[in-house]
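Chains as they are written, first to last, in our numbering: chain Z, 1 to 334; chain U, 335 to 670.
Yeah, the Cβ is synthetic: ideal placement off N, Cα and C, and Gly gets one too.
If you're wondering where the values come from, they're calculated on a predicted model, not measured in any experiment.
Below you'll find the structure, written out as structure tokens, and then a few comments.
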């Protein structure tokens, strides 16, 4: 690609900005167990959380979690500290259709689900009552996929970060048929593109590009990448070694600014919320600017008004995080 | 492929105002490697690299005038040691096998457990270690200041007498020039379809696919720079806990840094304890799924490779990753 063109592409990808607004924080809900997904319901503005360690998806009403979908499978992530996980990424396709990425089954059997969510006051449904559920089974030469960590929705597809085959680092693509999933296939081999492990955070930029946060090694600080791909053909457009350690979530504010959360596995005291800002002098460089520290952030979503919701695992007694999780609301971001 | 095209020229960060541009060494990294980042406070110059080379090969840096860096990181043995565990000054065996210093300039961490970051930081360690070179730094700087050849070079390169810090900087600069790239693998990747034999091509496919090697040995230096437990030595009565001793995380028990595989055919024996004599032994270990233990990495599992697949993988490592311009360096004339 010639240099001028490449600069042009990059300029369009990240909005430059010089100062970060003072943000305000509010704890919306406490007592969650390793929450790993958050989504804002269109029209109602209700916030849904994957209360992962409790193996369910909940709706937060007046700060209290109400069960919406229960009885997901369970698995353990990490070798110590260890985190119990169930459902991971969640995203709405429309007001009542919620897609949920599973994290509680062995690779290959892990499912991506589509549910019609029960209305407020109606009883919770079970994971087995999904409208549809699809997996990515192993093949002769290819490993099965699992840990569907985060989801990004475009007009015609759902892109899903996966954590099965570490030689490929798949972002998979699902299509829909009404309130069901129509197809689910491996799509972007991010590890082949950037030679670094683990796509985890994902979002769609205002101009329609897929933005993927590559986590890198959890034992290596500051090796995270933010990579832009064209969704229709999977072409990589730009790759920023951003200087964050373990990006678990990415989201654009309604004002078009890109934010990331960093779990920072090797030293979780360094984790937090960051605004990603393009260097004014070098279009190939972007840097994180810390908005705030966060205690093991896992997922993020903006509502239409520009309020940011972030889930954090939090810290409990020793390694016990079974009631340490929180849903935070952050206001005042650009 | 805009992110690959820049691999020819190293990124040289100029220290503010200390050196003029023409003194800076324009390090050409071999094909297939990424530009090498040079720390701003230790720019590469030809004279500094030359000085570092002399220090690297000079046994006078040790307490008994017998051990140099090259004793354990020998260019004739892939810049590693042919012994399973190296022997230092008093004839004492060290706790771990000497890793190669090839491409160490690219590493995020030094040592099997990653306890050092920069090469500058690392270099003064073995000199002082009682089991390795057993030399006090004050004694060493006095000793080298008394050698006019060294004294003059330090004056010329750093504008100072011999200092411990600048010994570290010179050695680190030399190490940054010990690079291995331009292997058959790189030429194949760049489009030369005849670069790899059929067997090595099959091995390549296994390496980046079914055999799962690239889950950890990834990128142009064949390492993710991370730490993993693959089970080596974990079945001993008192296993080396590796990275855990630094990170204090229980999940890191028995984890070691993923080593580069460039020119790996020359660096036998293998692993942090030198317990595997051949690449065939290494492949056998992976094929059976390592040695089971609670911290065994998820990416290590039974591969059940056929005999042919094992041969192909070994062939890929030997033929595919051997540099065409192996960084052979002869012992330089040492200053008097």
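Contact list for residue 552 of chain U against chain Z, beta-carbon separation under 9 Å:
Simply 166, 167, 191, 195, 196, 197.
Of the residues Z/143, Z/127, Z/110, Z/62, which one's Cα is nearest the Cα of residue 118 of chain Z?
Ranking Z/143, Z/127, Z/110, Z/62 by Cα distance to residue 118 of chain Z puts Z/127 first.
Local Cβ density within 10 Å of residue 183 of chain Z, reported as buried at 16 or more and exposed below that:
It counts as exposed.
Is the segment 534-546 of chain U touching the segment 386-400 of chain U, taking contact as three or more C-beta pairs under 8 Å?
Flag = no, the segment 534-546 of chain U and the segment 386-400 of chain U do not touch.
Contact set between the segment 275-298 of chain Z and chain U, restricted to residues whose Cβ is under 8 Å from the partner
In summary, no residue of the segment 275-298 of chain Z has a CB separated from any CB of chain U by less than 8 Å.
Cβ shell of residue 648 of chain U (< 8 Å), same chain only, five flanking positions each side left out
Correct list, in chain order: 537, 613, 614, 617.
Please state whether DSSP places residue 238 of chain Z in a helix, a strand or coil.
Assigned with DSSP and collapsed to three states, residue 238 of chain Z falls in strand.
Residue 666 of chain U to residue 509 of chain U span [Cα, whole Å]:
So the alpha carbons of these two residues sit roughly 15 Å apart.
For residue 223 of chain Z, go through chain U and note every residue whose CB falls closer than 9 Å to its CB, in chain order.
Below the 9 Å Cβ cutoff, chain U contributes 442, 558, 559, 560 as neighbours of residue 223 of chain Z, in chain order.
Could you tell me the alpha carbon to alpha carbon distance between residue 323 of chain Z and residue 30 of chain Z, rounded to whole angstroms?
Straight-line Cα distance between these residues: approximately 7 Å.
From the DSSP output, read off the bridge partner residues of residue 250 of chain Z.
Beta-bridge pairing links residue 250 of chain Z to Z/260.
Using beta-carbon positions only, say whether residue 204 of chain Z and residue 89 of chain Z come within less than 8 Å of one another.
No, Cβ-Cβ distance for residue 204 of chain Z and residue 89 of chain Z is not below 8 Å.
Which whole-angstrom value describes the C-beta separation of residue 460 of chain U and residue 403 of chain U, a residue pair presumed to lie in contact below a C-beta threshold of 8 Å?
The pair is a contact, with the Cβ atoms about 7 Å apart (cut-off 8 Å).
C-beta contact flag for residue 112 of chain Z and residue 101 of chain Z at 8 Å:
Cβ distance < 8 Å, so residue 112 of chain Z and residue 101 of chain Z count as in contact.
For chain U, is any of its Cβ atoms less than 8 Å away from the one on residue 80 of chain Z?
It does: the Cβ of residue 80 of chain Z has a partner Cβ on chain U nearer than 8 Å.
Burial state of residue 272 of chain Z (16 or more Cβ within 10 Å)
Counting Cβ neighbours within 10 Å, residue 272 of chain Z comes out buried, since at least 16 surround it.
Coil, strand or helix - residue 380 of chain U by DSSP:
In this structure, DSSP gives residue 380 of chain U a helical state, which the three-state scheme calls helix.
Can you tell me the Cβ-Cβ gap for residue 332 of chain Z and residue 314 of chain Z, rounded? I've got them flagged as a contact below 8 Å.
That belief does not hold up - the Cβ atoms of residue 332 of chain Z and residue 314 of chain Z are roughly 22 Å apart, past 8 Å.
Determine the chain U residues that contact residue 211 of chain Z at a beta-carbon separation under 9 Å, and present them in chain order.
Chain order gives no chain U residues near residue 211 of chain Z, where near means a beta carbon separation below 9 Å; the closest approach is about 16 Å.
So residue 586 of chain U contacts chain Z; which residues on that side make the cut at Cβ distance below 9 Å?
Taking a Cβ-Cβ threshold of 9 Å, the residues of chain Z close to residue 586 of chain U are 79, 80, 219, in chain order.
Please decide whether residue 523 of chain U counts as near chain Z, where near means a Cβ-Cβ distance under 8 Å.
Not a single CB atom of chain Z sits nearer than 8 Å to the CB of residue 523 of chain U.
Could you pull out every unbroken beta strand (DSSP E) segment of at least 3 residues lying fully inside the segment 579-637 of chain U, listed in chain order?
Runs of the beta strand (DSSP E) inside the segment 579-637 of chain U: none found.
Counting beta carbon pairs with one atom in the segment 470-481 of chain U and one in the segment 524-534 of chain U, are three or more of them shorter than 8 Å?
No: fewer than three Cβ pairs fall under 8 Å.
Just to make sure I have the definition right: I need the residues of chain U whose C-beta is within less than 9 Å of the C-beta of residue 141 of chain Z. Which are they?
Going along chain U in sequence order, the residues near residue 141 of chain Z (Cβ under 9 Å) are 539, 543, 544.
Which whole runs of the alpha helix (DSSP H) in the segment 168-244 of chain Z are 4 residues long or more, in chain order?
Scanning the segment 168-244 of chain Z for uninterrupted alpha helix (DSSP H) segments of 4 residues or longer gives 190-194, listed from N- to C-terminal end.
Give the straight-line distance between the Cα atoms of residue 312 of chain Z and residue 290 of chain Z, rounded to the nearest whole angstrom.
The straight-line gap from Cα to Cα measures roughly 16 Å.
Beta-carbon neighbours of residue 549 of chain U, restricted to chain Z and to distances below 9 Å
Correct list: 165, 166, 167, 191, 197.
Could you compute how far the alpha carbon of residue 643 of chain U sits from the alpha carbon of residue 320 of chain Z?
Roughly 44 Å separates the two Cα atoms.
Residues of its chain near residue 249 of chain Z, where Cβ-Cβ distance is below 6 Å and the 5 sequence neighbours each way are ignored
Apart from sequence neighbours up to five positions away, the residues of its chain that approach residue 249 of chain Z with a beta-carbon distance below 6 Å are 201, 261, 299, 300, ordered along the chain.
Nearest-angstrom Cβ-Cβ length linking residue 219 of chain Z and residue 561 of chain U, presumed shorter than 8 Å
Contact between residue 219 of chain Z and residue 561 of chain U is confirmed by a C-beta separation of about 4 Å, below the 8 Å threshold.
Between which two residues does the alpha helix (DSSP H) holding residue 361 of chain Z run?
Because chain Z here runs from 1 to 334, residue 361 of chain Z falls outside it and cannot be looked at.
For the segment 249-276 of chain Z, enumerate the residues whose C-beta is nearer than 8 Å to any C-beta of chain U, in chain order.
Correct list: 266.
Just to confirm the assignment, what range does the beta strand (DSSP E) spanning residue 59 of chain Z have?
Residues 56-61.
Start-end ranges of the alpha helix (DSSP H) lying completely within the segment 451-534 of chain U, minimum 4 residues:
Qualifying alpha helix (DSSP H) stretches, in chain order: 453-462, 471-479, 482-492, 498-509, 518-523.
Once you ignore the five residues that flank residue 303 of chain Z on each side, which residues in its own chain have a CB closer than 8 Å to its CB?
For residue 303 of chain Z, where only same-chain residues beyond five positions count, the Cβ hits under 8 Å are 40, 45, 47, 309.
Just curious, the beta strand (DSSP E) that residue 26 of chain Z is in, first and last residue?
In the DSSP assignment, residue 26 of chain Z falls within the unbroken beta strand (DSSP E) covering 24-32.
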